[in-house]
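Residue 0 is where the sequence shown starts when you use numbering that gives the first Met the number 0, and the numbers rise one by one after that. We put the CB at the ideal spot given by N, CA and C, even for glycine.
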Amino acid sequence: MLLLGIAGALPNSFLQLHFIQFDLNLINREQLVNPAELLGFIGGGIGMFYGLPQALRIRRLGHGTGVSLPTWLLTFSVSMSWAVWGFGVHSPSALIMNIGGALVNGSVAMAIMPNKRKGIFYLLAITAALWFLILSLPDAIVSALLVALVFFLAPQVLKSFRSLRNGTSSAVSIRALAVALLSNIFWIAYAFAREIHLVFLTSGIAITMILIVMTLELLAQRKARLKVTI
């Protein structure tokens, strides 16, 4: 469904040109068996399940208290933007794995949203906008956009800080954060192997943000347990 929204937003000639270019590169076996691409597939494969522990935790608890909706919309945007980037630079691992990640992250955002129809509209609008912008804007602006989006956890940092201050345990999944951490470690290895400074920078920032949220949430959980025992 997301891809249908993309197709409707872009000119046919534009799409055909890029798909032809990518298809020719995609069938290049040397690229697919490139060790760097293998690191990307591993990192992307792990990251694809980032949203799964969070979705399961929300379902088990029956609420999403302390989970930031803006963060998960941005997380979806991050996955989709890197999928488009992978499409543009002919990286099968970045394209395929990040589309999978976007679908999972989008499902978490949908689980938090009270209005499902509005949620689908938001996700389709974000998808169409990102495909159009990243494939049409100059590389320097695209790089700036990708770096800006990596601060997707900033709203969650604020929510986690409030949870710590109030001494409440939130619905944020530590397992999901651990999955994201491991995924970004592999993406850093991928960046080293392919000498892509942009991926190294964004993955490094993401790891820092993840560690901050994990620390705040663990401290908040500890504080909440102490309040119960007192």
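Taking 8 Å as the cut-off, the Cβ atoms of residue 46 and residue 93 do not count as close. Residue state for residue 195 is assigned as coil, using DSSP reduced to three classes. If you draw a straight line from the Cα of residue 78 to the Cα of residue 169, it comes to about 24 Å. Separation of residue 145 and residue 221 (C-alpha to C-alpha, rounded to the nearest whole angstrom) is 35 Å. The C-alpha of residue 162 lies about 33 Å from the C-alpha of residue 142.
Put simply, of 215, 148 and 96 the residue whose alpha carbon is nearest the alpha carbon of residue 185 is 96. Here residue 111 has 57, 63, 66, 68 and 71 as same chain residues with Cβ atoms under 8 Å from its own Cβ, once five neighbours each way along the sequence are excluded. Taking 8 Å as the upper bound for CB-CB distance, residue 87 and residue 134 are in contact here, some 6 Å apart. One Cα belongs to residue 190, the other to residue 44, and the distance between them is close to 16 Å. The stretch 203–220 and the stretch 149–162 touch, with no fewer than 3 CB-CB distances between them shorter than 8 Å.
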